[in-house]
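Report on the structure given below.
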Amino acid sequence: MRSISFSERPSERELNARCGKVTGGVSCVVFVELFTRLVSGGLVYPRGDGVVRGWLGAKPWVLLYKSTVAEVELFARLTGSTTLWGIHRGVNKAWMGTTPYLMLSKPAMLELILALALHLQPSFISSKRGGGGQGNYETYYPKPILASNKNIEKSQDYAYLRPWLGTGLLTSSGKKWHTRRKILTPTFHFKILEDFLDVFQEQSDILVKKLKHKVGKDPFNIFHYVTLCTLDIICETAMGRSVNAQGDSDSQYVKAIYEISSIVQCRQAKMWLQPDWLFKMTSLSNKHDNCVKILHGFSNKVIRERKEEIRRQKEEELCSAPPAEDDAHIYGRKKRLAFLDLLIEASQDGAVLCNEDIREEVDTFMFEGHDTTSAAICWALYLLGSHPAIQDRVVEELNYVLGDYDRRLVMKDFQNLKYLECCIKEALRLYPSVPFIARQLKQDVKIAHYTIPAGTTALIVTYMLHRNPEYFPEPEKFNPDHFLPENCLGRHPYAYIPFSAGPRNCIGQKFALLEEKAVIAAVLRNYRVEAVDRREDLTLLGELILRPKHGLNIRIQPRRS
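The sequence shown maps to residues 1 to 561 in full-length UniProt numbering.
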């Protein structure tokens, strides 16, 4: 061990601070260990009375994030059939530290408490009690969670995003969420999405060029390239500014995006980093604050500049007074509006959105539309690379719809790429970008003779939900035919929810599907993709998004000389 020279010795104040940190850390570890033994020893859960005692399951399965438990093992515990208290039952109880979780992974159970489709009439659920003869039955109306206007609060797991995203659409609740959702919904109108197609295709073309030097070479991780492409797309569509991530992946803004996402995942995965007072004692806290400063600084600068541009354009418009032909021209220019422009326009039309409100929503759009979309694209390319015949069928459809090899796709083309859409949906079934959906119950929810108390976090295990053989025969097989119209008829409305559902479903899901089609079409029109990794060899990490621990390695060959 290297000795410390006199000049390097810390001051008494520094030593006291370090001792405080060590003491706090040791106390936290001791608490975690004691709590683990207490619960796993059956001293807490089984002795609970009332609603807690009646929870589903024979013996509590305890989920505690410890330093000795790898991320891989945590995801395996969450999704494994042995930990989900009977895969056929589709419900499980779990503890995350001192927080109780109700884990759901079966459509029938979701129907019981989610009432996912708002148009469905509530159905009676029967629970047989007693013995002998036909037995006695109790009936209950299903209590909605995803579709409920009361149970719309995201779980505490989302709180770690608030320093960056504030209380935007993802993290807000109550009246504020309802107001924001109403303001933002028109910004994803069909006509608005059509204006984003050029951005999708321009950035996809850059991706195709970047991949050119990988043709015929060793396998490479496609995640790296696609993630930079989707970051460029989301920046330009959200803020109207290019960060040139594909050209400069070392930019300060790009690095901050990656680093803060990693820190948030770390806090979610490590119980002792979740209390703010403990987190602030770590070196991660300083890195986190610096990332927030960079990201907010960039967004605020863009908002100020864009507002000034709009002000000048309006003044010029008043002076020249050009006749507006239709809504394709706003502020005297051809409409290619970014999400930011639409928010500014909404604030000028009477909606009360200050600069901070606008920044929250722009940052939220950046966060939600970046990694999730890149993951969906990468999984789809990987699965198509693992199934050459299906890939060939997609390319045949592209050639049929487009005719001219080099022409740009228009909205009608995207709508006609039916089989490609089936492939994307099937990829999202097997590997949903968001493998879990969490809601905090604000009221008690009854499931047959069980009562789930308010304050419980309902965790919908989308990854397992999508693998129900009742609705998807051979559930582990990549079969895009699952989503042909005739095969979707009569399918349980809860069986497939990659974008969540109900009032808090993903507002940008149509945007995401269009972007995914554009990027995948561009890659497949130029390259034949060959997957290198076998599915059974992949190690999955269920973090903010579902991703493989070691990436997705593919090879590419040109489709034409």
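Where is the CB? At the ideal position from N, CA and C, for every residue including glycine.
Using DSSP's beta-bridge definition, name the partner residues of residue i.
{"i": "phenylalanine 196", "result": "According to DSSP, which records beta bridges pairwise, phenylalanine 196 is partnered with nothing at all."}
{"i": "valine 529", "result": "Ile556"}
{"i": "glutamine 440", "result": "Thr457"}
{"i": "asparagine 221", "result": "Asn553"}
Terminal residues of the continuous beta strand (DSSP E) containing residue i?
{"i": "residue 577", "result": "Residue 577 falls outside the range modelled here, since the chain spans only 1 to 561, and no answer is possible."}
{"i": "proline 548", "result": "546-548"}
For residue i versus residue j, is the C-beta distance shorter than 7 Å?
{"i": "alanine 256", "j": "leucine 295", "result": "yes"}
{"i": "leucine 383", "j": "alanine 521", "result": "no"}
{"i": "glycine 240", "j": "leucine 165", "result": "no"}
{"i": "threonine 456", "j": "leucine 228", "result": "no"}
{"i": "isoleucine 554", "j": "alanine 531", "result": "yes"}
{"i": "threonine 373", "j": "glutamate 236", "result": "no"}
{"i": "lysine 210", "j": "glutamine 246", "result": "yes"}
{"i": "arginine 439", "j": "alanine 458", "result": "yes"}
{"i": "glutamine 203", "j": "aspartate 232", "result": "yes"}
{"i": "serine 299", "j": "valine 362", "result": "yes"}
{"i": "valine 208", "j": "leucine 381", "result": "no"}
{"i": "isoleucine 460", "j": "isoleucine 437", "result": "yes"}
{"i": "proline 480", "j": "tyrosine 463", "result": "no"}
{"i": "arginine 467", "j": "proline 475", "result": "yes"}
Nearest-angstrom Cα distance between residue i and residue j?
{"i": "lysine 106", "j": "aspartate 533", "result": "29 Å"}
{"i": "isoleucine 545", "j": "glycine 551", "result": "13 Å"}
{"i": "proline 503", "j": "glutamine 557", "result": "44 Å"}
{"i": "arginine 560", "j": "asparagine 526", "result": "7 Å"}
{"i": "valine 394", "j": "isoleucine 377", "result": "14 Å"}
{"i": "phenylalanine 478", "j": "phenylalanine 200", "result": "26 Å"}
{"i": "arginine 312", "j": "tyrosine 258", "result": "35 Å"}
{"i": "serine 173", "j": "arginine 180", "result": "10 Å"}
{"i": "glycine 168", "j": "asparagine 505", "result": "14 Å"}
{"i": "threonine 364", "j": "phenylalanine 414", "result": "26 Å"}
{"i": "leucine 541", "j": "leucine 428", "result": "15 Å"}
{"i": "phenylalanine 190", "j": "arginine 306", "result": "24 Å"}
{"i": "aspartate 444", "j": "lysine 214", "result": "55 Å"}
{"i": "arginine 359", "j": "serine 251", "result": "20 Å"}
{"i": "proline 275", "j": "glutamine 268", "result": "11 Å"}
{"i": "methionine 271", "j": "phenylalanine 279", "result": "10 Å"}
{"i": "valine 410", "j": "alanine 76", "result": "42 Å"}
{"i": "proline 219", "j": "valine 523", "result": "16 Å"}
{"i": "serine 261", "j": "asparagine 244", "result": "19 Å"}
{"i": "arginine 491", "j": "phenylalanine 223", "result": "32 Å"}
{"i": "residue 607", "j": "leucine 193", "result": "In the structure as shown, the chain begins at 1 and stops at 561. Residue 607 is therefore absent and cannot be evaluated."}
{"i": "glutamine 509", "j": "leucine 161", "result": "21 Å"}
{"i": "tyrosine 494", "j": "tyrosine 471", "result": "10 Å"}
{"i": "valine 254", "j": "serine 433", "result": "21 Å"}
{"i": "cysteine 488", "j": "histidine 482", "result": "7 Å"}
{"i": "aspartate 198", "j": "methionine 366", "result": "18 Å"}
{"i": "histidine 178", "j": "aspartate 357", "result": "14 Å"}
{"i": "arginine 407", "j": "serine 242", "result": "24 Å"}
{"i": "serine 347", "j": "threonine 185", "result": "14 Å"}
{"i": "aspartate 248", "j": "leucine 273", "result": "32 Å"}
In this structure, how does DSSP classify residue i when only helix, strand and coil are distinguished?
{"i": "arginine 181", "result": "helix"}
{"i": "asparagine 505", "result": "coil"}
{"i": "valine 215", "result": "coil"}
{"i": "isoleucine 445", "result": "Checking the displayed sequence, the identity of residue 445 turns out to be valine instead of isoleucine. Of the three classes helix, strand and coil, the one that applies to valine 445 here is strand, per DSSP."}
{"i": "isoleucine 452", "result": "strand"}
{"i": "tyrosine 496", "result": "coil"}
{"i": "valine 292", "result": "helix"}
{"i": "residue 618", "result": "Residue 618 cannot be examined here, being either before or after the span of the chain that is shown, 1 to 561."}
{"i": "histidine 466", "result": "coil"}
{"i": "alanine 338", "result": "coil"}
{"i": "proline 142", "result": "Bear in mind that a pLDDT of 29 at proline 142, under 50, signals an unreliable position, so the model cannot answer this."}
{"i": "methionine 366", "result": "helix"}
{"i": "serine 285", "result": "helix"}
{"i": "serine 299", "result": "helix"}
{"i": "glutamate 536", "result": "helix"}
{"i": "glycine 385", "result": "helix"}
{"i": "histidine 482", "result": "helix"}
{"i": "serine 433", "result": "coil"}
{"i": "phenylalanine 190", "result": "helix"}
{"i": "aspartate 157", "result": "helix"}
State the start and end residues of the unbroken alpha helix (DSSP H) segment that holds residue i.
{"i": "alanine 487", "result": "According to the sequence displayed, residue 487 carries asparagine and not alanine. Asparagine 487 -> alpha helix (DSSP H) spans 485-488."}
{"i": "cysteine 354", "result": "Where cysteine 354 is concerned, there is no enclosing alpha helix (DSSP H), given that its DSSP letter is neither H nor E."}
{"i": "tyrosine 405", "result": "No alpha helix (DSSP H) holds tyrosine 405; DSSP gives it neither H nor E."}
{"i": "leucine 430", "result": "418-430"}
{"i": "serine 242", "result": "Serine 242 -> no alpha helix (DSSP H), and no H or E assigned at all."}
{"i": "aspartate 276", "result": "276-279"}
{"i": "leucine 169", "result": "No alpha helix (DSSP H) holds leucine 169; DSSP gives it neither H nor E."}
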